[in-house]
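Asks: Residue numbers (the working numbering): 3 to 499. Just so you know, even glycine gets a beta-carbon here, dropped at the ideal spot from N, CA and C.
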């Protein structure tokens, strides 16, 4: 029951920054080569003595002791307090989820002289889920939509989305709040609402009340949509709860009051999988600290990598060089109509699981026009070693027909075979169409790509994932029930001709 409630509550929190107005970028990209001497801990939180207590191992309480904004007394905030207080387990979960990032966020807010109450805004926005995405395509813990992210210098490309980069998106949020406080003269209820609804929306609401002769403070505004009306109330409710957590049956997760992360500057593309293996870090931890990377390859642009403070010494030049060498083994590929991950994997001498892992995907659904990473050079190596998959040209067959049969773009087929623009094909000629598997004699590709021989352990669900289809389609094509048991050696139709 609680899990359902938590899911519903999280869903309500992912609407944050969808209507932010445009702003000029407020940050510069880092530069420099990653070296051991370049690792630097993030600056410490200032003046711990202000708290009056030793909060060296309790960062949430240290933050709460320095809350400075007066909390209005009204029914909207009371309603939100009651809403959150019904789910103390949820509050416990989000307070723990913030652990890797919280110290850095506090440091950046303090450096900009912004109230530390804003550390709770990612709870409202995203429940501190770095992969959170709203229905309006807002992403990351601060929930920037694409256009707003662009205006704040949060870059996006095939490999990276700065809106999900914890550090870059925090810097963008700090820049935006710094601008809003000047625009609304430190009226924080209005500033917080403007972060959600856009400053233009708030200015229009103020003008409307002024024309009607009504008060123009935020709580008196009448033209705002309900989400924006409730937004500051949610934050102030959390401020009240985190200020007196025991009163609400909740104890924030204890977080060390010290730098948890260090930066590594990347001046070239690296493999995050290889880097995790070389440094002994868990792959999931690397991704959790660096959710801005859409692939396991970081791409060629200079980027910042966040790593655990205690592990920074493992990221030396030799390690980064090895991870960079691994990244060179992959190239971009644009999926075309008729592609499946199974066919792409066979063509490039890979496996569906390997391609899904390098592209950080769960689904093997192939969408035409989508760019993915595939192995580079394996086909050329197979040709050199005589281990390429080939197609025997039949009478009257053209290169175009061969490319259609094997779902390979014509230009790629020409590249594989070093053909000119108008090659002459003769019956019996061999055309390279991919990398041969171990059980393919002489690399001859005579198999029907629409059929598959069941292997031990196969299920309809696994095959649907592998061949970018659904269990229902496989069941229909093969006249099977959706829960049918498969027998090794059984031949299945996996794609309609």
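1) Could you check which residue in 157, 265, 153, 240 has the C-alpha nearest to that of residue 106?
2) Could you compute how far the alpha carbon of residue 372 sits from the alpha carbon of residue 62?
3) For residue 2 and residue 367, what's the separation of their Cα atoms in angstroms?
4) Tell me which residue opens and which closes the beta strand (DSSP E) that residue 335 is part of.
5) Please report the distance separating the alpha-carbon of residue 402 from that of residue 494.
6) Which residues mark the beginning and the end of the beta strand (DSSP E) in which residue 390 is found?
7) Nearest to residue 325 by alpha carbon, out of 143, 352, 349, 274?
8) What are the residues that DSSP puts in a beta bridge with residue 307?
9) Since residue 202 is in the alpha helix (DSSP H), which residue starts that stretch and which ends it?
10) What three-state label does DSSP hand residue 315 in the structure shown?
11) When you compare only the Cα positions, how much space is there between residue 250 and residue 147?
12) Which residues bound the alpha helix (DSSP H) around residue 459?
13) Enumerate in chain order the residues of its own chain whose CB-to-CB distance from residue 299 is below 8 Å, with the five nearest sequence positions on each side excluded.
14) Shortest alpha-carbon distance to residue 292 belongs to which of 103, 484, 214?
15) Considering just the uninterrupted stretch of the alpha helix (DSSP H) at residue 151, what are its terminal residues?
16) In angstroms, rounded to a whole number, what distance separates the CA positions of residue 203 and residue 220?
17) Classify residue 314 as buried or exposed, calling it buried when 16 or more other Cβ atoms lie within 10 Å of its own Cβ.
18) Can you tell which of 94, 188, 132, 200 has the C-alpha that lies nearest to the C-alpha of residue 286?
19) Which class does residue 273 belong to by DSSP, given the choice of helix, strand or coil?
20) Could you give the uninterrupted runs of the alpha helix (DSSP H) lying entirely in the region 161–195, keeping only those of 4 residues or more?
21) To the nearest angstrom, how far is the alpha carbon of residue 166 from that of residue 295?
22) What is the residue span of the beta strand (DSSP E) that residue 374 lies within?
23) Does the distance from the C-beta atom of residue 268 to that of residue 307 stay below 8 Å?
24) Could you spell out where the beta strand (DSSP E) holding residue 426 opens and where it closes?
25) How would you call residue 276, buried or exposed, if buried means at least 16 neighbouring beta carbons within 10 angstroms?
26) Apart from the five residues on each side of it in sequence, which residues of its chain come closer than 8 Å, Cβ to Cβ, to residue 364?
27) Assign residue 141 to one of three DSSP states: helix, strand, or coil.
28) Let me see if you follow: with CB-CB separation under 8 Å, is residue 435 close to chain C or not?
29) At which residues does the beta strand (DSSP E) containing residue 434 begin and terminate?
30) Alpha helix (DSSP H) containing residue 61: first to last residue?
31) I need the straight-line Cα distance from residue 562 to residue 429, nearest angstrom please.
Replies: A quick look at the data gives this:
1) The residue among 157, 265, 153, 240 with its C-alpha nearest the C-alpha of residue 106 is 265.
2) 42 Å
3) This structure gives no information on residue 2, because the portion of the chain shown stretches from 3 to 499.
4) 332–336
5) 28 Å
6) 390–394
7) Of 143, 352, 349, 274, the residue nearest in Cα terms is 274.
8) 266
9) Counting along the chain, the alpha helix (DSSP H) containing residue 202 begins and ends at 201–213.
10) helix
11) 33 Å
12) From DSSP, residue 459 is part of no alpha helix (DSSP H); its letter is neither H nor E.
13) 161, 271, 272, 273, 274, 329, 332, 360, 375
14) Comparing alpha-carbon positions, the option among 103, 484, 214 lying closest to residue 292 turns out to be 103.
15) 148–153
16) 12 Å
17) buried
18) In terms of Cα proximity to residue 286, the closest of 94, 188, 132, 200 is 132.
19) strand
20) 168–185
21) 8 Å
22) Looking at the DSSP string, the run of the beta strand (DSSP E) that includes residue 374 is 373–377.
23) Yes, these two residues count as a Cβ contact at 8 Å.
24) Per DSSP, residue 426 belongs to no beta strand (DSSP E) and is neither H nor E.
25) buried
26) 358
27) strand
28) No chain C is part of this structure, which consists of one protein chain only.
29) 432–437
30) Following the DSSP letters along the chain, one finds residue 61 inside the alpha helix (DSSP H) bounded by residues 61–66.
31) Because the chain in this structure spans residues 3 to 499, residue 562 falls outside the shown range and cannot be described.
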